[in-house]
Amino acid sequence: MMQLSLDQAKGLCRMAALGAGANEEAAQSLTASIISAEAEGLSSVGLSHFIDYLEALEAGRIDGNADPVITRPALAVYLSDARRGLAHTGFDRTIDDLAKAAKLFGVAIFSQKNAYTCGALGYFTGRLATLGLVSFAATNGPAVLAGSGSVKPVYCTNPMSFAAPAADGAPLVID
Numbered sequence: 006m007m008q009l010s011l012d013q014a015k016g017l018c019r020m021a022a023l024g025a026g027a028n029e030e031a032a033q034s035l036t037a038s039i040i041s042a043e044a045e046g047l048s049s050v051g052l053s054h055f056i057d058y059l060e061a062l063e064a065g066r067i068d069g070n071a072d073p074v075i076t077r078p079a080l081a082v083y084l085s086d087a088r089r090g091l092a093h094t095g096f097d098r099t100i101d102d103l104a105k106a107a108k109l110f111g112v113a114i115f116s117q118k119n120a121y122t123c124g125a126l127g128y129f130t131g132r133l134a135t136l137g138l139v140s141f142a143a144t145n146g147p148a149v150l151a152g153s154g155s156v157k158p159v160y161c162t163n164p165m166s167f168a169a170p171a172a173d174g175a176p177l178v179i180d
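Residue 52 in our numbering sits at position 47 of the sequence shown, with consecutive numbering throughout.
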């Protein structure tokens with residue numbers, strides 16, 4: 006069994022993403038998320054999930070050159086149209102302004118559409134928690150589960166996550 010350091014894995018993932026059709030920004034955004042998940046022991050959204058991204062890039066299900074369009078329809082609201090690209094890129098472009106808005110107004114919202122799956126949702130909430138913010142994230146998806154006593158599906162299986170800063174510096178992240 007071959008073992009790699011996280012830095013070695015990061016370099017290989019970046020090169021693989023570039024080779025599969027991602028631009029530099031997308032490759033770096035995706036790689037950071039994948040390596041973070043792997044470092045936390047979340048292999049299902051780490052390196053094993055990275056293969057899904059590569060296949061989607063090669064098949065054109067992800068536009069590796071998508072240029073997310075970020076709009077701000079209200080002072081504390083940021084909307085990202087990922088334009089069939091990665092979810093990571095729009096968030097990365099917005100996180101600093103989102104954090105500033107949250108600190109200024111007490112709350113801020115980031116919403117994204119037309120993005121491929123984001124992998125570990127706690128990666129995003131955790132990053133906000135390291136900036137001193139309490140954060141909550143959720144995704145949508147098709148109805149596949151029925152509620153108690155029902156046979157009609159109304160719930161999806163997509164995740165939610167929340168995170169908060171902790172006194173010792175390591176944020177509490179629930180994903």
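Every residue, glycine too, gets a C-beta built ideally from N, C-alpha and C. Here the structure is a predicted model, which means the values were calculated and not measured.
Best match in the options for proximity to residue i [C-alpha to C-alpha]
| i | options | result |
| --- | --- | --- |
| leucine 138 | Ala87, Leu59, Gly24 and Gly174 | Gly174 |
| glutamate 29 | Ala37, Ser38 and Arg19 | Arg19 |
| glycine 146 | Asp72, Ser166 and Cys161 | Cys161 |
| leucine 177 | Leu136, Ser49, Gly16 and Gln33 | Leu136 |
| aspartate 102 | Ala81, Gly65 and Gly16 | Ala81 |
| tyrosine 58 | Met6, Leu17, Phe141 and Gly124 | Gly124 |
| alanine 31 | Ala92, Met7 and Ile56 | Ala92 |
Other residues of its chain near residue i: CB distance less than 7 angstroms, five sequence neighbours each side excluded
| i | result |
| --- | --- |
| alanine 61 | Ile67 and Tyr121 |
| asparagine 119 | Asp86, Ala87, Arg88 and Arg89 |
| arginine 98 | Pro73 and Ile75 |
| threonine 159 | According to the sequence displayed, residue 159 carries valine and not threonine. If we look at valine 159 and ignore the five residues flanking it on each side, its Cβ neighbours are Ala148, Ala151 and Gly152. |
Residues near residue i in its chain [Cβ-Cβ closer than 8 angstroms; skip 5 each side]
| i | result |
| --- | --- |
| alanine 14 | Ile40, Glu43 and Leu52 |
| proline 78 | Leu84 |
Through-space distance from residue j to residue i, alpha-carbon basis
| i | j | result |
| --- | --- | --- |
| glycine 90 | alanine 151 | 31 angstroms |
| phenylalanine 129 | serine 38 | 9 angstroms |
| lysine 105 | glycine 127 | 20 angstroms |
| aspartate 86 | phenylalanine 96 | 10 angstroms |
| alanine 22 | histidine 54 | 13 angstroms |
| alanine 25 | glycine 69 | 8 angstroms |
| serine 71 | threonine 94 | The sequence given here places alanine at residue 71; serine does not occur at that position. Straight-line Cα distance between these residues: approximately 9 angstroms. |
| glycine 46 | lysine 157 | 35 angstroms |
| valine 50 | methionine 165 | 14 angstroms |
| threonine 10 | alanine 143 | Checking the displayed sequence, the identity of residue 10 turns out to be serine instead of threonine. Looking at the two C-alpha atoms, the distance is approximately 31 angstroms. |
| leucine 133 | threonine 36 | 18 angstroms |
| phenylalanine 167 | glycine 16 | 29 angstroms |
| alanine 113 | serine 153 | 34 angstroms |
| glutamine 8 | glutamate 63 | 26 angstroms |
| alanine 172 | phenylalanine 115 | 26 angstroms |
| isoleucine 100 | serine 155 | 40 angstroms |
Outcome for residue i when other beta-carbon atoms lying within 10 angstroms are tallied against a minimum of 16
| i | result |
| --- | --- |
| glycine 111 | exposed |
| serine 34 | buried |
| threonine 76 | exposed |
| serine 140 | buried |
| aspartate 12 | exposed |
| alanine 27 | buried |
| glycine 131 | buried |
Cβ-based neighbour list, residue i, same chain, cut-off 6 angstroms, excluding 5 preceding and 5 following
| i | result |
| --- | --- |
| alanine 169 | Ala134, Val139 and Leu177 |
| alanine 107 | Ala113 and Leu138 |
| said: I'd like the ranges of any beta strand (DSSP E) spanning at least 3 consecutive residues and lying wholly in the stretch 112-148. | reply: 114-120 and 140-143
| Complete beta strand (DSSP E) runs within the stretch 46-126 (minimum length 3 residues, chain order) | 74-79, 82-90 and 114-120
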